[in-house]
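In the working numbering, the protein residues as written are 340 to 424.
Structure representation (structure tokens):
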């Protein structure tokens, strides 16, 4: 991460220097990198990946079964998905 420098011009106010600095920090992407590193998560183990894949496939099969027997309306399922996010 390179250091970001802002040099004050003679006629420039302190507020404009701060604004210019903030813009440079955001443009460089350093702040985003630091925030990502702050909340680092361990990668999932093989066992957890396998388990989540099995659960996803079971849920998919259950939805497909309910849709086939007419108990699940596809438009209803899609509308719920919007609220989950």
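For each residue, glycine too, the CB sits at the ideal point set by N, CA and C.
Practice problem: For residue 410, collect the residues of the same chain with a Cβ closer than 7 Å to its Cβ; drop the 5 residues on either side in sequence, then sort them by chain order. | Solution: none
Exercise. Let me know the secondary structure DSSP gives residue 389 once reduced to three states.
Key: helix
Quiz item: By DSSP, does residue 410 sit in helix, in strand, or in coil?
Solution: coil
Quiz item: What span of residues does the alpha helix (DSSP H) with residue 369 cover, start to end?
Solution: 369-377
Quiz prompt | Candidates 343, 351, 353 and 395: closest to residue 368 by CA position | solution = 343
Exercise. Would you check if the distance between the CB atom of residue 364 and the CB atom of residue 370 is smaller than 8 Å?
Key: yes
Quiz item: Hey, would you say residue 292 sits closer than 8 Å to residue 346, going by beta carbons?
Solution: Residue 292 is absent from the model: the chain starts at 340 and stops at 424.
Practice problem: Give the straight-line distance between the Cα atoms of residue 395 and residue 389, rounded to the nearest whole angstrom. | Solution: 10 Å
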